[in-house]
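Trainee:
Numbering (the UniProt record's numbering), first residue to last: 1 to 122.
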């Protein structure tokens, strides 16, 4: 019998990264490259240490206000954070472009978006 943790790890390995996970990774790399602790950054950003940890691990979806506060504390511009995260996602998408994108979406969070229908009259 497969444990829940093993199933979760397998699912994580087969799915492409979520934006919140990539943003969290970029934030963590910025913090650790500065040699700063979670406590130092959470105090400077006025965010709880636990919440900052959750954001860095990609478990919480941070609001734009919260991301701005964390970026200010790290002395990193929000635009640089978003560009870096976007570039990482693009690299991952190119690396997995040979696989079906539907297979990389968690069935629990999958949402079907209907095709756009033009309302313009010719």
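We put the CB at the ideal spot given by N, CA and C, even for glycine. Every value quoted in this text rests on a predicted model; they were computed, and no experiment measured them.
Is there contact here, the region 68 to 78 with the region 37 to 48, by at least three beta-carbon pairs under 8 Å?
Mentor: In short, these stretches touch, since the Cβ pair count reaches three.
Trainee: Pick helix, strand or coil for residue 23, following the three-state DSSP scheme.
Mentor: DSSP places residue 23 in helix when its eight states are reduced to three.
Trainee: So, is residue 35 buried or exposed, given that buried needs 16 or more other C-beta atoms within 10 angstroms?
Mentor: With fewer than 16 other Cβ atoms within 10 Å, it is exposed.
Trainee: Kindly confirm or deny that the region 49 to 64 and the region 17 to 29 touch, where touching means at least three C-beta pairs closer than 8 Å.
Mentor: In short, these stretches touch, since the Cβ pair count reaches three.
Trainee: Alpha carbon to alpha carbon, how far is residue 113 from residue 92? Give it in angstroms, no decimals.
Mentor: So the two alpha carbons sit approximately 22 Å from each other.
Trainee: Kindly indicate which residue of 43, 97 and 84 has the alpha-carbon position closest to the one of residue 30.
Mentor: It is 84 whose Cα lies nearest to the Cα of residue 30.
Trainee: Can you say whether residue 77 is buried or exposed, counting buried as having 16 or more other CB atoms within 10 angstroms of its CB?
Mentor: So residue 77 ends up on the exposed side.
Trainee: Using the Cα positions of residue 39 and residue 90, report the straight-line distance between them to the nearest angstrom.
Mentor: So the two alpha carbons sit approximately 31 Å from each other.
Trainee: Report all residues from its chain with a CB closer than 7 Å to the CB of residue 53; omit the five preceding and five following residues, and keep chain order.
Mentor: These residues qualify, in order along the chain: 38.
Trainee: Rounded to a whole number of angstroms, what is the C-alpha to C-alpha distance between residue 95 and residue 43?
Mentor: Approximately 37 Å between the Cα atoms of the pair.
Trainee: Determine whether the beta carbon atoms of residue 41 and residue 81 lie at a separation below 7 Å.
Mentor: Not a contact, by the Cβ cut-off of 7 Å.
Trainee: If you draw a straight line from the C-alpha of residue 97 to the C-alpha of residue 33, how long is it?
Mentor: Whole-angstrom Cα-Cα distance: 31 Å.
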